[in-house]
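Working notes, beginning with the structure itself.
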Amino acid sequence: METKKNFTEPDVLSEIVAENNSGFSKDETKAIGWVAHYSIELGFVGAYSQIWEHTHIKSSIASGAALGAVSGLIRILGWTQMF
Numbered sequence: 419m420e421t422k423k424n425f426t427e428p429d430v431l432s433e434i435v436a437e438n439n440s441g442f443s444k445d446e447t448k449a450i451g452w453v454a455h456y457s458i459e460l461g462f463v464g465a466y467s468q469i470w471e472h473t474h475i476k477s478s479i480a481s482g483a484a485l486g487a488v489s490g491l492i493r494i495l496g497w498t499q500m501f
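This is the structure in structure tokens:
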């Protein structure tokens, strides 16, 4: 029987913390994974806000989709660097 690999970001981040012999419990590493995940997301939200506020780019569905695509590429590059 083949088991599925878990690729949810908070879980993967918690595994990274656990694998680095951090001394944290399983619950603590899970919490750290979620905090790291939401911190990264808040960073992207802050970047979007700054772009919309300080450039000629206005907040719209099109600019949101474009920024989302760029963010996706940044995430892919980040994950490939970690693994």
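Heads up: the sequence shown is residues 419 to 501, going by this note's numbering.
Beta carbons are placed, not taken as given, at the ideal position from N, Cα and C, and that holds for glycine.
Given this structure, state the Cα-to-Cα distance separating residue i from residue j, to the nearest angstrom.
i, j, result
"L448", "T421", "Per the sequence shown, the amino acid found at residue 448 is Lys instead of Leu. Roughly 21 Å separates the two Cα atoms."
"S443", "T498", "27 Å"
"G464", "M500", "23 Å"
"A487", "H474", "19 Å"
"N438", "I479", "40 Å"
"R493", "S440", "24 Å"
Taking Cβ to Cβ, would you say residue i is nearer than 8 Å to residue j?
i, j, result
"V435", "I450", "yes"
"S489", "F462", "yes"
Ordered along the chain, which non-local residues of its own chain (more than five positions away) have a Cβ less than 8 Å from that of residue i?
i, result
"Y456", "none"
Tell me which same chain residues have a C-beta within less than 6 Å of the C-beta of residue i, skipping the five on either side of it?
i, result
"L485", "Y466"
"K477", "Here residue 477 turns out to be Ser, not Lys, going by the sequence shown. Once the five neighbours on either side are set aside, the close Cβ partners of S477 are W470."
"E433", "none"
Taking 7 Å as the limit between beta carbons, can you name the residues of its chain near residue i, skipping five residues before and five after?
i, result
"E427", "H455"
"A483", "none"
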